Every structure is written in structure tokens, then in C-alpha cells.
Amino acid sequence: MWRQQRPGRLGRVWRRLQEPRGPILRWSAGGRLLVLAACLLVALLSSWPWLFEPSLRPGMAAPFERRAPADAVVEDRTLLDQRRSQLIPRTYVEVVDEEASHELRLALERQLVRLQTWASAGEERVEPISLNDAERAWLTARDDAQRRSWDMALRRALERMLRQGVVPSLAELQLRQAADLQLSDLGEAGAPPRSLGARLLSQTLSGQTNLRTDPDLSSRLIEKLLTKEGIPTIEVQRGDLIIRKGETISPQAYDVLDHFGMVSRGPSPRDWAGRFAEGLAVSAVMVLLMRRDRPSLEARQALLALGVLVTVQVLKLWAGVGAGPAVSPLALLVPPTLLISQGLGATAGLAWLAAAALLWPTPVDGIGEAQLLVGAGVAALSAVLAGRQRSRAQLLQLALLLPLGALLFQVLLLRSGLFSAYFREVGADGGELAGEAALMGVLVMVGLLLAPLIETFFGLLTRARLLELADQERPLLRRLSKEAPGTFEHTLMICGLAEEGARTIGADVDLIRTGALYHDVGKLHAPQWFIENQVDGPNPHDQLDDPRGSARILQAHVDEGLKLARRHRLPRSVADFIPEHQGTLKMGYFFHQARQRDAATPEADFRYRGPAPRSRETGILMLADGCEAALRSLPPETSDQQARDTVRRIVEARLRDGQLAHSGLSRAEVELLIRAFVRVWRRMRHRRIPYPIPARRGYPA
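When we follow our numbering, the leftmost residue of the sequence shown carries the number 2, and every step to the right adds one.
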């Protein structure tokens with residue numbers, strides 16, 4: 002029967018569930034200060050608009066009653082903005098675009114060349130333009146002087162028409178009539194040179210334009226029209242009531258109050274302090290969530306997440322003050338979330354997304370709540386999918402599918418009418434939505450191109466990079482297989498044990514596979530000093546006959562392994578397997594020899610310098626490394642229970658020695674690991690049918 006838990010016990014259970022899954026990596030003092038400074042910068046940017054927020058704004062309740070201190074004529078900015086917004090779509094100034102004019106000149110030249118080729122061919126060919134009998138006769142009868150004169154007349158007529166400007170919507174008949182008037186020097190109306198030239202010019206210009214909109218001239222024209230119509234004003238007499246306390250401030254009342262200097266634009270300390278505290282708390286919680294999910298999080302990796310958040314906040318503010326174009330939540334949220342999720346995991350990506358969405362500083366022009374929700378939804382999907390991508394090719398496919406999916410989703414919303422008010426508010430249509438999706442796709446592709454550099458600089462460990470490092474054709478692993486083949490075979494055996502153990506308890510299989518491949522690379526400094534690489538001849542340790550020297554050689558394989566890891570730029574999470582797979586274990590054989598010679602020999606001189614395993618993955622590898630030799634030496638007739646007892650004795654010794662105290666492995670998980678190791682051993686030691694070996698010819702059977 003279920004018993005009700007006491008509140009204190011429930012609190013302890015809850016706190017235990019919130020604890021990190023392993024010991025947290027300690028940051029240096031400089032790293033902590035940099036992370037704190039980045040959090041403060043995020044908070045400052047998030048609260049920046051409230052440093053310059055007006056004390057009053059339209060729509061809020063008036064905190065006081067005010068009357069006009071003098072007569073005044075106040076500009077009605079609300080009505081002025083309405084008139085300007087009405088004029089902008091239908092008021093623009095076009096100017097001649099020289100590049101477009103040049104293209105049209107080239108098009109005419111190509112037409113003239115085709116006509117001349119047809120006229121000089123002397124045989125039946127397809128006509129480049131429909132001709133009547135009179136025009137055919139004139140073309141075939143003209144000489145070079147007439148051709149040059151006619152071509153020059155068409156060029157001058159085209160130039161005059163281009164200077165006047167050509168619009169694409171003008172009917173071809175109107176173009177032909179205009180061209181005919183320009184070619185009046187070529188004879189009377191209907192004459193072959195004139196009619197053919199007019200038709201050639203009209204076909205060249207039909208549906209084409211050489212005009213473009215000039216924003217500066219258009220803006221001047223709008224201001225001129227506004228001035229001509231008269232600036233809307235509000236006449237105020239001295240003593241008139243502007244606003245009564247408690248009333249909602251209208252836009253006109255706000256303009257009058259602002260005219261008389263009753264609206265202060267200094268900082269609002271209380272609102273600013275609240276926003277600053279909110280920004281600081283959100284960024285700090287984001288870092289704490291990342292450290293809880295990833296105890297090995299480095300300070301530079303937290304700075305990466307905070308730096309990207311700072312960049313996004315700056316872009317939001319830039320758009321919010323009108324200095325830049327309206328930003329798209331898809332472009333601001335999806336690429337960073339995808340990048341952080343690849344390197345730090347889905348939880349870190351979702352934590353960053355939550356912080357970026359919560360700290361949207363001001364209502365950015367053109368951004369509504371629905372658009373923000375769509376961007377956050379697509380970003381959350383990218384965070385979940387990023388951790389499942391196991392190669393660069395799969396990430397590239399994701400970068401192509403995400404923009405397409407976002408575009409289709411928004412088009413469906415637009416067609417369904419569920420958010421019709423939102424789409425009308427932002428003025429979104431199919432073309433604009435496609436542009437946002439394309440921008441997001443470009444930024445995601447740029448992020449994927451820069452990912453290898455970011456991984457190296459910030460020490461990120463993506464799934465794709467893990468699989469690349471596990472390639473046995475990499476130079477360091479190839480060198481290990483050639484120079485220390487026994488160690489390499491030992492490594493592959495441990496890989497099998499550790500992978501099965503990680504898969505059984507739900508640990509990171511890819512990380513433990515890669516870490517296992519590199520855990521003994523330090524033996525390359527002296528392969529012959531390790532038993533698995535010795536074939537014939539005496540053991541070098543017997544010739545050395547110095548237990549302390551032999552212990553230093555064993556410790557050296559850890560130290561040299563860390564040097565090779567730095568030289569080959571192995572990520573920290575992979576390099577940690579090199580010292581932690583030995584932890585602070587005792588070198589029992591050489592310690593026993595030393596004690597036989599000197600009973601006062603301290604045990605600490607014969608222990609590895611560690612550290613002990615600080616993650617489940619390195620703890621699994623330590624157990625696999627300790628059990629591999631024992632399992633390999635078991636005879637074929639050994640039962641599963643005997644194999645489990647052998648493995649359990651080794652594991653219990655590690656537990657009593659305190660090697661797994663900080664690994665995060667529970668007692669139940671250790672038992673599952675024992676059973677997993679035995680399963681791998683049984684697969685490798687399965688029975689085979691004995692085949693009879695035929696006697697060689699000439700030898701007795």
C-alpha cells in the first residue's frame with residue numbers, strides 16, 4: 002500500500018532529481034568572471050529600451066491632470082503618420098536605369114544582325130520578323146549605305162524612346178505608333194523602311210522597362226504632397242484641459258503633452274531594474290540548466306551560448322529602433338538553436354531558445370506573437386532533431402528541410418485563416434514568407450560551414466565529430482594499430498564491452514566508443530613495455546628490476562596520452578578517458594615487489610595520479626578495462642554464473658577503492674554492466690564445430 006511521503010522527504014527527493022548527473026567541472030576564476038560579465042551584458046541589452054522609455058505613452062492611464070499652459074498649435078503626428086502610410090504604396094518616383102537601357106540597346110542590335118543575315122543569305126530561310134512583300138523587296142535591294150543609314154535611324158529613335166522611359170504595361174500598338182512617329186524621317190507612313198523599323202522597335206520594347214524606383218525622390222515627393230495638403234495640427238488654448246487623471250491617454254493628448262514638455266524620456270528606474278533582473282535571471286538559469294544536463298560544460302562553451310544570445314539581442318534592438326530591417330524570428334532563433342543543440346545537446350539548445358524567446362526586448366515592427374510562436378516551434382523541432390543527426394550529410398539535409406517545412410507550415414496557416422488577422426497585421430504573403438524561409442536556410446548553411454571552426458575553438462563535441470574521430474583510418478589510430486598491435490586489439494575488445502554496457506544503461510554510446518579507441522594511445526611512447534605487445538624475448542620490466550621505475554613507465558602512458566590528445570586536438574570529453582580510465586588505481590604488482598624490498602614503501606607512490614572517473618562513460622570504460630583481461634583468460638567451459646562472479650569481484654574491488662564515487666553510476670547500473678560484459682564475453686567465446694583436418698599426402702593419417 003502506498004504511504005504518503007512527508008514534505009521534507011519529498012523535498013529531498015526533488016533536490017536529488019535536480020542535481021547534475023555527475024560532478025560539475027570547476028571553472029577557473031577568470032572563466033567565472035567572463036560568464037558573469039556575459040550574463041550582465043545580456044541583462045543590460047534586454048533592459049536597454051527601458052533606459053529611454055517615456056514616462057507616458059498612448060493607451061496608459063494618466064497619472065495626473067494637466068491643462069495647457071499657453072496657446073499653441075501642435076502637430077498631429079498620428080494623423081500625419083496615417084496620411085504618410087496611405088501615400089507610400091501609391092506614390093513613387095521612377096528614373097531611367099542605365100543598365101536596363103543598355104540591355105535594350107543590345108536587343109535591338111541583335112535584331113538588326115538577324116535581319117541583315119536573312120537579307121544577305123540569298124536563299125529561303127525563316128524570317129526573323131514577319132515581313133510583307135514590299136519590305137522583303139526593300140531589304141534585299143538595299144545597299145550597305147542604305148543599311149547603315151537605316152540602322153542609325155533606328156538607334157536614334159530607340160535612344161529618344163529610352164530617354165523618355167518605357168513601361169512594361171504599354172500596349173504594343175501604342176509602342177508601334179510612338180516608334181512610327183520617331184521614324185518620320187524614313188519616308189511617308191506605310192513606307193517599307195518606316196513600317197519595318199516601327200515594328201522592329203515595338204517588338205524590342207514590348208513588355209520591357211528601363212525604369213526603376215528612386216527611394217530618395219519618392220520620399221521627397223511624399224513630403225511635398227504632405228506639405229501641400231497641409232500638416233494636420235491641433236489648436237490648443239491656454240487653460241484647456243489636456244487630460245484628466247485616470248483617463249486613457251489618446252494619441253492626440255500625448256502629442257499635446259509632449260509639445261509642452263510634460264513627457265520625460267529619462268530612465269524608469271523601477272521598470273528598468275525589473276527588466277534587468279529578469280534578463281540576468283534568465284541568462285543565469287540558462288547556464289545552470291546547461292551545467293545540470295552537461296556537468297562537463299566548459300566556461301568557453303557557456304560563453305558561446307551567451308555570446309550568441311548577445312548577438313541576437315543586438316539584432317532585435319537594431320530592428321526595434323528602426324535602424325535596420327524587420328527581423329524574422331525564424332532567422333534569429335532557428336540557426337543558433339541548431340548549432341548549440343549539435344554541440345551541447347538538445348537540452349542546452351532548448352534552454353537557449355527559451356531564453357532568447359523570453360528576452361524579446363520590445364515589440365519589433367512587423368513581428369507578432371503568432372510569428373514568434375512559429376519561429377520558436379521550428380527552432381524547438383530543430384533542437385530535438387539536431388541530436389539525432391549522425392553525419393554532416395544528415396545535417397545538410399536538415400538544413401534544407403527545415404526552411405521548406407517552415408514555409409509550408411506558414412502557408413497552411415495563411416490558407417486556413419486561423420491567423421488571418423496576424424498575417425494582415427504583418428503584411429505577410431507567399432513571397433515574403435518564402436524570403437524569410439530562404440534567409441533562415443542561408444543562415445543555417447553558413448552555420449554548418451562554420452561549425453568545424455566553432456567546434457575546435459569552443460571545444461564542442463557534436464555527434465558528427467564523434468563519428469569522424471572514431472574512424473580507425475585516422476592517423477593516430479592507424480599508428481596505434483601498426484606500432485602497438487596488441488594494445489590496439491585490447492582497445493577493440495574494450496570497445497565491445499564498453500559499448501554494450503553503455504547501451505544497456507542508456508549512456509552515450511558514441512562518446513564511449515570514441516573515448517575507448519583513444520584511451521591507451523599513450524602506450525605509443527614505449528609499446529614494448531606493455532605485456533600485450535610483447536611477443537618473444539625477456540620482459541623489459543624484469544631487466545629494469547626497479548618497481549618505482551616500472552610504476553613511472555605505467556604512469557607515463559597516461560601523461561604521454563594527454564600530450565598526444567593535445568597535439569591531435571582531441572576534444573576534452575574524449576581526452577578525459579585517458580587519465581580517468583585508470584583513475585587512482587593501485588599498481589598492485591609493482592607495489593607488491595616494492596613492499597617485499599622495503600616494507601615502509603608508501604602506497605601513494607604506486608597509484609595513478611587520476612582523476613577518478615567523473616562521468617558514467619569513463620566509469621564504464623574503467624570497469625571494461627579491468628574486466629577485459631580476466632574475461633579473456635577464462636576457459637571455454639566457464640559458465641555464465643562463474644563469469645559473472647569473476648567480473649563482480651573486479652567491480653567490487655573498484656567500488657571499495659572509491660574509484661566510482663564521482664562517476665554517477667548507481668548500484669543497479671553497475672549490476673546491469675556486469676551482466677552486459679558477460680553477454681559480450683559469451684558472444685566472443687561461443688562454441689564452434691570441430692572440423693577434421695585431413696592428413697597431408699605422404700604423411701600417416
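We put the CB at the ideal spot given by N, CA and C, even for glycine. Predicted model only: the values in this text are computed from it and were never measured.
Leaving out five residues on either side along the sequence, give the residues of the same chain with a beta carbon under 8 Å from the beta carbon of residue i.
i              : result
proline 233    : Glu76, Asp77, Leu80, Leu81, Arg84
tryptophan 28  : Val36, Glu299, Ala300
leucine 290    : Thr348, Ala349, Ala352
serine 482     : Gln473, Phe489
glutamate 484  : Leu525, Pro528
leucine 212    : Glu95, Val96, Val97, Asp98, Ala101, Gly166, Val167, Val168
cysteine 496   : Arg514, Ala517, Leu518
isoleucine 250 : Leu57, Arg58, Pro59, Gly60, Met61, Ala62, Ala63, Ile244, Leu258
glutamine 643  : Leu635
Using the rule of at least 16 other Cβ atoms within 10 Å of the residue's Cβ for burial, across every protein chain shown, is residue i buried or exposed?
i                 : result
aspartate 708     : Residue numbering for the chain in the displayed model covers 2 to 702; residue 708 lies beyond these limits and cannot be assessed.
threonine 488     : buried
proline 337       : buried
arginine 684      : exposed
histidine 663     : buried
aspartate 181     : buried
glutamine 398     : exposed
leucine 450       : exposed
aspartate 134     : exposed
phenylalanine 531 : buried
phenylalanine 65  : exposed
leucine 174       : exposed
glutamate 629     : buried
glutamine 372     : buried
leucine 413       : exposed
valine 379        : buried
valine 311        : buried
arginine 295      : buried
Which residues in the same chain as residue i place their Cβ atom closer than 7 Å to its Cβ, once the five residues preceding and following it in sequence are excluded?
i              : result
glycine 280    : Val43, Ala44, Ser47, Ser48, Leu360
arginine 67    : Ile243, Ile244, Leu258, Met263
threonine 457  : Arg570
isoleucine 235 : Val75, Asp77, Gln253, Asp256, Val257
glutamine 411  : Val375, Leu434
leucine 512    : Leu467, Ser574, Glu618
Grab me the residues of residue i's own chain with a C-beta within less than 6 Å of its C-beta, minus the 5 sequence neighbours each way, in chain order.
i             : result
glutamate 501 : Ala677, Val681
valine 385    : Ala347
arginine 239  : Ala69, Ala71, Asp72
leucine 470   : Thr515
glycine 344   : Leu461, Thr463
aspartate 606 : none
threonine 602 : Ala595, Arg596
leucine 206   : Val167, Leu176
alanine 552   : Met588, Phe591, Phe607
So residue i is in the beta strand (DSSP E); what residue range does that whole segment cover?
i              : result
glutamate 76   : 73-76
isoleucine 244 : 242-244
isoleucine 532 : Counting along the chain, isoleucine 532 falls outside any beta strand (DSSP E), and DSSP gives it neither H nor E.
threonine 492  : That residue, threonine 492, is in no beta strand (DSSP E); its alpha helix (DSSP H) goes 486-506.
valine 96      : 95-97
arginine 213   : 212-214
Residue range of the alpha helix (DSSP H) that residue i falls in?
i             : result
glutamate 672 : 668-685
leucine 708   : The question about residue 708 has no answer, for the chain in this structure spans 2 to 702.
arginine 464  : 464-470
glycine 60    : Taken as a continuous stretch (DSSP letters only), glycine 60 belongs to no alpha helix (DSSP H), as it is neither H nor E.
alanine 605   : No alpha helix (DSSP H) contains alanine 605, which DSSP labels as neither H nor E.
histidine 542 : 541-545
aspartate 511 : 510-519
Between residue i and the ligand PLP, is the CB less than 6 Å from at least one heavy atom?
i           : result
arginine 67 : Only the bare structure without any ligand can be found here, which leaves the ligand PLP out of the picture.
Q: Could you tell me which uninterrupted alpha helix (DSSP H) segments, each at least 4 residues in length, are contained entirely in the region 143-208, listed from first to last along the chain?
A: 145-165, 173-183, 193-206
Q: Determine contact between the region 101-109 and the region 292-312, defined as no fewer than three beta-carbon pairs at a distance below 8 Å.
A: no
Q: Quick one: which unbroken alpha helix (DSSP H) runs of 4-plus residues sit fully inside the region 332-415? Chain order, please.
A: 347-359, 370-387
Q. Is the region 435-442 touching the region 403-410 in the sense that three or more CB pairs, one from each, lie closer than 8 Å?
A. yes
Q. Hey, is the region 644-653 in contact with the region 544-553, meaning 3+ C-beta pairs nearer than 8 Å?
A. no
Q.
Assess contact between the region 160-170 and the region 93-100, defined as three or more Cβ pairs (one per stretch) separated by less than 8 Å. Is contact present?
A. yes
Q. Taking one C-beta from the region 579-596 and one from the region 608-626 each time, how about it: are there three or more such pairs within less than 8 Å?
A. yes
Q | At least 3 beta-carbon pairs within less than 8 Å: the region 554-563 vs the region 507-523 | A | yes
Q. What runs of the alpha helix (DSSP H), each 4 residues or longer, lie entirely inside the region 617-671?
A. 617-633, 641-657
Q | Length at least 3, wholly inside the region 565-602: the beta strand (DSSP E) runs in chain order | A | none
Q | Complete runs of the beta strand (DSSP E) confined to the region 232-314 [at least 3 residues] | A | 234-237, 242-244
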